[in-house]
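Student: Under this note's numbering, read the sequence shown as residues 20 to 557, first letter to last. C-beta: ideal position from N, C-alpha, C; glycine also. Quantities reported herein were computed from a predicted structural model and do not represent experimental measurements. I'd like to ask some things about the structure below.
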Amino acid sequence: MSRIRLLPETVASQVAAGEVVERPASVVKELVENSIDAGARKIDILVRRGGISLIRVMDDGCGMDRDDALLSLERHATSKIRSAADLQAVATLGFRGEALPSIASVSRFRLTTREAQAVAGTEIVVSGGKVEVVRDSGEAPGTQVEVRSLFYNVPARRKFLRSENTESRNIEHQVHLQAIGHPRIAFSLVRDDRLSLQLPPAETLGERIRDLYGAELFQRLAEVKTSASNKVRVHGFIGQAGLSRQTRAQQLVFVNGRAVESGLLSGAIREGYHTALMKGQYPVTFLFLELDPAAVDVNVHPAKREVRFRDPVAVREAIVQSIQNTLEQGRAAWQERFRAPARSQPTSVERPAHDLRLRAEISAPEELPRDLPHLETATSTAVSAARTRLAPPASAEADETNAKPRPDSASVAAAAGQGKPQQFQIIGVLSKLYVLMENADGLVLVDQHAAHERILFEEMRRNMEARGAPTQKLLLPQTFDLPPRDADWIERNLPTLQKMGIGIESFGPATFKIDSLPSFLSITDAAQFMRKVIDDLK
Numbered sequence: 020m021s022r023i024r025l026l027p028e029t030v031a032s033q034v035a036a037g038e039v040v041e042r043p044a045s046v047v048k049e050l051v052e053n054s055i056d057a058g059a060r061k062i063d064i065l066v067r068r069g070g071i072s073l074i075r076v077m078d079d080g081c082g083m084d085r086d087d088a089l090l091s092l093e094r095h096a097t098s099k100i101r102s103a104a105d106l107q108a109v110a111t112l113g114f115r116g117e118a119l120p121s122i123a124s125v126s127r128f129r130l131t132t133r134e135a136q137a138v139a140g141t142e143i144v145v146s147g148g149k150v151e152v153v154r155d156s157g158e159a160p161g162t163q164v165e166v167r168s169l170f171y172n173v174p175a176r177r178k179f180l181r182s183e184n185t186e187s188r189n190i191e192h193q194v195h196l197q198a199i200g201h202p203r204i205a206f207s208l209v210r211d212d213r214l215s216l217q218l219p220p221a222e223t224l225g226e227r228i229r230d231l232y233g234a235e236l237f238q239r240l241a242e243v244k245t246s247a248s249n250k251v252r253v254h255g256f257i258g259q260a261g262l263s264r265q266t267r268a269q270q271l272v273f274v275n276g277r278a279v280e281s282g283l284l285s286g287a288i289r290e291g292y293h294t295a296l297m298k299g300q301y302p303v304t305f306l307f308l309e310l311d312p313a314a315v316d317v318n319v320h321p322a323k324r325e326v327r328f329r330d331p332v333a334v335r336e337a338i339v340q341s342i343q344n345t346l347e348q349g350r351a352a353w354q355e356r357f358r359a360p361a362r363s364q365p366t367s368v369e370r371p372a373h374d375l376r377l378r379a380e381i382s383a384p385e386e387l388p389r390d391l392p393h394l395e396t397a398t399s400t401a402v403s404a405a406r407t408r409l410a411p412p413a414s415a416e417a418d419e420t421n422a423k424p425r426p427d428s429a430s431v432a433a434a435a436g437q438g439k440p441q442q443f444q445i446i447g448v449l450s451k452l453y454v455l456m457e458n459a460d461g462l463v464l465v466d467q468h469a470a471h472e473r474i475l476f477e478e479m480r481r482n483m484e485a486r487g488a489p490t491q492k493l494l495l496p497q498t499f500d501l502p503p504r505d506a507d508w509i510e511r512n513l514p515t516l517q518k519m520g521i522g523i524e525s526f527g528p529a530t531f532k533i534d535s536l537p538s539f540l541s542i543t544d545a546a547q548f549m550r551k552v553i554d555d556l557k
């Protein structure tokens, strides 16, 4: 008796769906990409219960006639390619013809579509991959896809979904990616009958970034205007040297309008910044690469998140050169701004900073003692100790490559007390930021802000261990918005933050309110303080 047998069509469809439909956000991604390929200028998304109960995507694209609508539910039926040669130059977001049949096989599915010139549209109802209803529809031109009870017939897959809030925020993150990649398209997102996002068409990429991430972040970005290669055009926005994050969450790269992940691209960005960022920090980028579709292979990953380049060296060089040119322009402007005041101060000595080609002031200290006792400067280590008190990221798409081993609080405290305190002789202050000192081992550079943060952290840690930190009410509560994943992190760690003396509570889908802070902190901008806390501890 043969042990090898053909799988039933329903089982085969569910297996295929497992590669394409990982979670509700995957469904939203595939449906929105179909809408973009259909020429939509407006895309409306509605989700309930994290997309598990309902996902509805409606667009004003070209629509389909009945024959095409039925054919679109067959596996590997597509309007994007005609032959194997077309796979070598894919210019659309979708091309395999797998999304709709895969989604329909693991949900209760409804498709309504109509071409602009058609008298009537078509409605198709599918349950678990089986077509149940085909009839005329009077809907407006365009296409509407409704997905209910996702994974109702695949309980094993449903069991591994995250909480409804986490899945909702993964969906919102996916909508953010599509909105940034296609700024001229209007987007709206309704979560559990509440409007979460509404973006009108943007004239420029910068306008869309400002609408999504706020003017405060946008003002700290530099525009990449130049193309570094004849083969690859690079444009977009990158963070100035002082703007960084602890993870790659805001390091976004798009290739021909498609959001992608790639070690090659991440490495090129890191090389472009070189010594402009501290170790363990990642830049904020909204980079767009445009190149011949034949020069990039997007058919190497089931979800099309990864790509392969025909000439990776050219791509890498284009990114590195574009970033370095943009940062150099910022450095030149900085030098021009501070060159005259620097020459007018005879007590200052100008020296070129290593690898940055910037002029910085080294001035004699005015109020610092000449002898400084042992000073613990391991701010990053101390801050990392707080992470052990916080829940790990719940997002299924967290970047595991950013994970680092973290010592616990006890080990940090013990390490801080080891060894005989050293004596430091102060030489001067560099750029009014770093204290330059020397000891028996050589020169020591201390970041004054980092040292101050360490002192505050130690006080906060002692208060937490004493079961609560003293707080002080703000005169006026402050509200602020966060990206979906940061908001999810805050909600999961509200009890710990409140124990630290931070009076914070949810004030909307991705909005929070702060009404009190630890009494030993002198903070003028509570919202900015919370963003710093998230960057340090997430």
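DSSP three-state label for serine 541, please.
Tutor: In this structure, serine 541 counts as coil in the three-state DSSP scheme.
Student: Taking 8 Å as the cut-off, decide whether the C-beta atoms of glycine 276 and glycine 349 are in contact.
Tutor: Their beta carbons are not under 8 Å apart, which means glycine 276 does not touch glycine 349 by this criterion.
Student: For asparagine 512, does the count of other Cβ atoms within 10 angstroms reach 16, so buried, or fall short, so exposed?
Tutor: Classification of asparagine 512: buried, given that the 10 Å Cβ count is 16 or more.
Student: Compare the beta carbon distance of methionine 565 and glutamate 165 with 8 Å and say whether it is the shorter of the two.
Tutor: Because the chain is modelled from 20 through 557, residue 565 falls outside the range shown and cannot be assessed.
Student: With 16 other CB atoms within 10 Å as the buried threshold, where does glutamate 419 fall?
Tutor: Unreliable placement is indicated for glutamate 419, whose pLDDT of 42 sits below 50; the coordinate value is still reported in the next sentence. It counts as exposed.
Student: Is aspartate 507 near glycine 522, with beta carbons less than 8 Å apart?
Tutor: No, Cβ-Cβ distance for aspartate 507 and glycine 522 is not below 8 Å.
Student: Which of the three DSSP states, helix, strand or coil, is assigned to tyrosine 453?
Tutor: In this structure, tyrosine 453 counts as strand in the three-state DSSP scheme.
Student: Between the beta-carbon of leucine 119 and the beta-carbon of serine 91, is there less than 8 Å?
Tutor: Going by C-beta atoms, leucine 119 is nearer than 8 Å to serine 91.
Student: Looking at leucine 308 and phenylalanine 273, is the spacing between their C-beta atoms short of 8 Å?
Tutor: Yes. Within cutoff.
Student: Nearest by alpha-carbon distance to glutamate 142: which of Arg154, Gly261 and Thr223 is it?
Tutor: The residue with the shortest Cα to Cα distance from glutamate 142 is Arg154.
Student: What number of angstroms, rounded off, separates the C-alpha of aspartate 87 from the C-alpha of leucine 169?
Tutor: About 24 Å.
Student: Check each candidate in Pro331, Pro489 and Asp316 and name the one with the smallest Cα separation from glutamate 325.
Tutor: Cα-wise, what sits closest to glutamate 325 is Asp316.
Student: Pick from Thr543, Pro537, Gln547 and Asp79: whose alpha carbon is nearest that of phenylalanine 531?
Tutor: Per the Cα distances, Gln547.
Student: Identify which residue in Ala313, Tyr232 and Arg213 has its Cα closest to the Cα of alanine 198.
Tutor: Per the Cα distances, Tyr232.
Student: For proline 426, I'd like the list of residues in its chain whose CB is within less than 6 Å of its CB, leaving aside the five on either flank, ordered along the chain.
Tutor: Caution is warranted here: a pLDDT of 45 is assigned to proline 426, below 50, making its placement in the model unreliable, and the coordinate value is therefore given only provisionally. Once the five neighbours on either side are set aside, proline 426 has no close Cβ partner at all.
Student: Which of helix, strand or coil does DSSP assign to methionine 549?
Tutor: Helix, per DSSP.
Student: Between which residues of its own chain and isoleucine 23 is the CB-CB distance below 7 Å, once the five residues before and five after are set aside?
Tutor: Answer for isoleucine 23: no residue qualifies.
Student: From which residue to which residue does the beta strand (DSSP E) around proline 502 run?
Tutor: Neither: proline 502 is in no beta strand (DSSP E) and is coded neither H nor E.
Student: Counting C-beta neighbours from all protein chains within 10 Å, is the total for asparagine 184 16 or more, i.e. buried, or is it exposed?
Tutor: Buried, by the Cβ-count rule.
Student: Quick check: the Cα distance between alanine 536 and leucine 130, rounded to an integer number of angstroms?
Tutor: Here residue 536 turns out to be leucine, not alanine, going by the sequence shown. Rounded to whole angstroms, leucine 536 to leucine 130 spans 51 Å at the Cα level.
Student: Does valine 153 have its Cβ less than 8 Å from a Cβ in chain C?
Tutor: Protein chains in the displayed structure number just one, and chain C is not present.
Student: Cα separation between aspartate 330 and proline 312?
Tutor: Looking at the two C-alpha atoms, the distance is approximately 12 Å.
Student: What residue range does the alpha helix (DSSP H) around histidine 201 cover?
Tutor: Counting along the chain, histidine 201 falls outside any alpha helix (DSSP H), and DSSP gives it neither H nor E.
Student: Can you tell me the Cα-Cα spacing of alanine 278 and leucine 306, whole angstroms?
Tutor: Each residue's Cα considered, the two are about 10 Å apart.
Student: Under the DSSP definition of a beta bridge, which residues are partnered with lysine 149?
Tutor: In DSSP, lysine 149 forms a bridge with Ser146.
Student: Which two residues bound the contiguous beta strand (DSSP E) that contains leucine 218?
Tutor: From DSSP, the beta strand (DSSP E) with leucine 218 extends over 213-218.
Student: Leaving aside the five residues before and after glycine 286 along the sequence, list all residues of the same chain whose C-beta is less than 8 Å from its C-beta, in chain order.
Tutor: Cβ neighbours of glycine 286 beyond the five flanking positions: Arg335.
Student: According to DSSP, simplified to helix, strand and coil, what is glutamate 472?
Tutor: If DSSP states are grouped into helix, strand and coil, glutamate 472 belongs with the helices.
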